[in-house]
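Novice:
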Amino acid sequence: MGRARSENINFSQQMVEYMEAVREGEHLVTWMQSHQPEWLSEYMAAKTNEVRAYKSLIVWCLNFANRHGYKHRVPCPAKASQGELLTTQHEFATAFQEEFGHQRVVHGSMSTRLLSTKTCRLVERLRKWEREKLPILMIVKGTPGGDIERFEVPTYLAGPVYAVQEKGYMDQRVWSMYLREVLKPVLDCPSVLLADNLKCHVSKTSYKIML
Numbered sequence: 230m231g232r233a234r235s236e237n238i239n240f241s242q243q244m245v246e247y248m249e250a251v252r253e254g255e256h257l258v259t260w261m262q263s264h265q266p267e268w269l270s271e272y273m274a275a276k277t278n279e280v281r282a283y284k285s286l287i288v289w290c291l292n293f294a295n296r297h298g299y300k301h302r303v304p305c306p307a308k309a310s311q312g313e314l315l316t317t318q319h320e321f322a323t324a325f326q327e328e329f330g331h332q333r334v335v336h337g338s339m340s341t342r343l344l345s346t347k348t349c350r351l352v353e354r355l356r357k358w359e360r361e362k363l364p365i366l367m368i369v370k371g372t373p374g375g376d377i378e379r380f381e382v383p384t385y386l387a388g389p390v391y392a393v394q395e396k397g398y399m400d401q402r403v404w405s406m407y408l409r410e411v412l413k414p415v416l417d418c419p420s421v422l423l424a425d426n427l428k429c430h431v432s433k434t435s436y437k438i439m440l
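Structure, rendered in structure tokens:
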């Protein structure tokens with residue numbers, strides 16, 4: 230419903246393009262100060278005082294962003310900047326290429342026999358992972374070692390891996406159990422593990438388990 234609302238400004242498209250190009254860290258007020266100072270001054274002057282004008286402008290900017298499909302996010306200390314993420318991505322790509330870049334390379338001059346052998350191995354490995362799927366990890370809210378874990382969990386459906394945690398979410402103990410009992414036993418080659426940026430996912434304990 231909000232997106233269907235008509236705009237009462239003539240620079241709507243320019244602001245949308247700015248949000249699309251920036252995406253992180255910048256504020257629409259900065260853009261208006263640089264590109265629409267007359268409109269901004271007129272808007273601020275129409276309010277009773279500067280505090281009320283600024284708060285009203287912030288609400289206006291948030292509503293504008295929401296109408297065009299952008300959501301406001303509050304920065305948090307655990308969130309890395311875009312530059313830091315790009316640096317980490319580049320460092321990882323470089324290290325990965327140096328260590329594994331020479332493997333599974335198929336050259337045009339390679340003999341048919343060697344090419345067939347490598348292809349068969351690759352197909353067999355892909356078939357293996359198509360057949361095997363890791364069990365689902367189910368986190369049950371309760372006291373570790375309590376009645377739920379001792380008497381109720383054993384009656385659950387076989388197949389998934391069950392972990393009991395006081396608040397029902399992933400903590401270091403549950404994540405360590407998943408790495409040791411579920412993930413690590415099935416890894417037989419260098420692998421890349423993609424995980425959310427939770428504290429337990431990037432802890433030293435997790436690194437030591439996977440070494």
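For the sequence shown, the working numbering assigns the number 230 to the initial residue and increments by one for each residue that follows.
Ideal Cβ positions, reconstructed from N, Cα and C, are used throughout, including at glycine.
State the CB to CB distance for the pair Y272 and L286, rounded to an integer number of angstroms; the pair is presumed to be in contact (CB under 8 Å).
Specialist: 7 Å between Cβ atoms; contact.
Novice: CA-CA distance, G375 and M406?
Specialist: Taking the straight line joining both Cα atoms gives about 17 Å.
Novice: Considering Q265, what are the terminal residues of the alpha helix (DSSP H) in which it resides?
Specialist: Neither: Q265 is in no alpha helix (DSSP H) and is coded neither H nor E.
Novice: Could you check which residue in L427, S241, A324, L422 has the C-alpha nearest to that of R296?
Specialist: Measuring from the Cα of R296, the nearest candidate turns out to be S241.
Novice: Are the CB atoms of L366 and V415 within a distance shorter than 9 Å?
Specialist: The answer is no: Cβ separation not under 9 Å.
Novice: From E246 to Y391, what distance separates their C-alpha atoms?
Specialist: So the two alpha carbons sit approximately 47 Å from each other.
Novice: Would L344 be called buried (16 or more neighbouring beta carbons within 10 Å of its own) or exposed?
Specialist: The predicted position of L344 is uncertain, since its pLDDT is 44 and thus under 50; a value taken from the coordinates is nonetheless stated next. Classification of L344: exposed, given that the 10 Å Cβ count is below 16.
Novice: Can you look up I238 in the DSSP assignment and give me helix, strand or coil?
Specialist: Here I238 sits in coil by DSSP.
Novice: Using 10 angstroms around the beta-carbon of V393, count the other beta-carbons present and answer buried if the total reaches 16, otherwise exposed.
Specialist: Buried, since its Cβ has 16 or more Cβ neighbours within 10 Å.
Novice: Shortest alpha-carbon distance to Y385 belongs to which of G397, K396, V369, Y398?
Specialist: Residue V369 is the option with its Cα nearest to Y385.
Novice: Would you grab the beta carbon distance between R409 and I438 for me? Rounded to a whole angstrom, and I think it's under 8 Å.
Specialist: Contact flag correct, Cβ pair sits at about 6 Å.
Novice: Do the CB positions of V411 and C429 come within less than 9 Å of each other?
Specialist: Against a cut-off of 9 Å, the Cβ pair of C429 and V411 comes out as no contact.
Novice: Helix or strand or just coil, what does DSSP make of I368?
Specialist: Three-state DSSP puts I368 in a strand.
Novice: Give me, in chain order, the residues of the same chain whose beta-carbon lies closer than 7 Å to that of L269; leave out the 5 immediate sequence neighbours on both sides.
Specialist: Cβ neighbours of L269 beyond the five flanking positions: M261, Q262.
Novice: Identify whether A392 lies in helix, strand or coil by the three-state DSSP scheme.
Specialist: Strand, per DSSP.
Novice: Between the alpha carbons of E313 and Y398, how many angstroms are there, rounded?
Specialist: Looking at the two C-alpha atoms, the distance is approximately 28 Å.
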